[in-house]
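So the sequence shown is numbered by my numbering: it starts at 11 and just counts up by one. Ideal placement from N, C-alpha and C gives every residue a C-beta, glycine not left out. To start, the structure itself, in structure tokens.
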Amino acid sequence: MMMRAGLLFLSLGLLSVGAQASVFKSECTLDKAVKNEALNATLGVKGGCDADKLVRQQKEKVSAEVKKSTSSVLDDKKSGLNEKRDDLKATQHKINQAGKQAAQARQELNGVIKDPAKAAANAIIN
Numbered sequence: 011m012m013m014r015a016g017l018l019f020l021s022l023g024l025l026s027v028g029a030q031a032s033v034f035k036s037e038c039t040l041d042k043a044v045k046n047e048a049l050n051a052t053l054g055v056k057g058g059c060d061a062d063k064l065v066r067q068q069k070e071k072v073s074a075e076v077k078k079s080t081s082s083v084l085d086d087k088k089s090g091l092n093e094k095r096d097d098l099k100a101t102q103h104k105i106n107q108a109g110k111q112a113a114q115a116r117q118e119l120n121g122v123i124k125d126p127a128k129a130a131a132n133a134i135i136n
């Protein structure tokens, strides 16, 4: 009876250690991958870190970095384009204002040409 309890306790202990080990995933490094590949070649025991896992991890890191950099560049470009769009809107507003002033000046000039006496009288009054 005591032997069964001991085995049960030992089994539960090993299961909990295994579960905790999966929570703390260690990063696969080149040294670990080389050591595990050597163990696999000599003893036939394969570790958790091998060349394939190392390549996958590095690929994920590079992919994440490329996405981050791309997003940053695109955000910068978008910001620059928004600023240029705002500048263009301001310039278009100035052009429209200048066009209105030119139209008003043209009307005043036409009024002076048609009736110079009336235009002179208006100029004196105003």
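Assumed close pair residue i, residue j - CB separation to whole angstroms, cut-off 8 angstroms
i           : j           : result
residue 38  : residue 63  : 5 angstroms
residue 121 : residue 112 : The Cβ separation is near 15 angstroms, so there is no contact.
Endpoints, alpha helix (DSSP H) assigned at residue i
i           : result
residue 132 : 126-135
When the options are compared against residue i, the one with the closest alpha-carbon
i          : options       : result
residue 36 : 51, 47 and 67 : 67
Residue i at chain D interface by Cβ criterion, 8 angstroms
i          : result
residue 94 : No chain D is present in this structure, which holds just one protein chain.
In chain order, what are the residue ranges of uninterrupted alpha helix (DSSP H) at least 4 long that sit wholly in the stretch 52-118?
none
Taking contact to mean 3 or more Cβ pairs, one atom from each stretch, closer than 8 angstroms, check whether the stretch 41-48 and the stretch 58-72 are in contact.
yes
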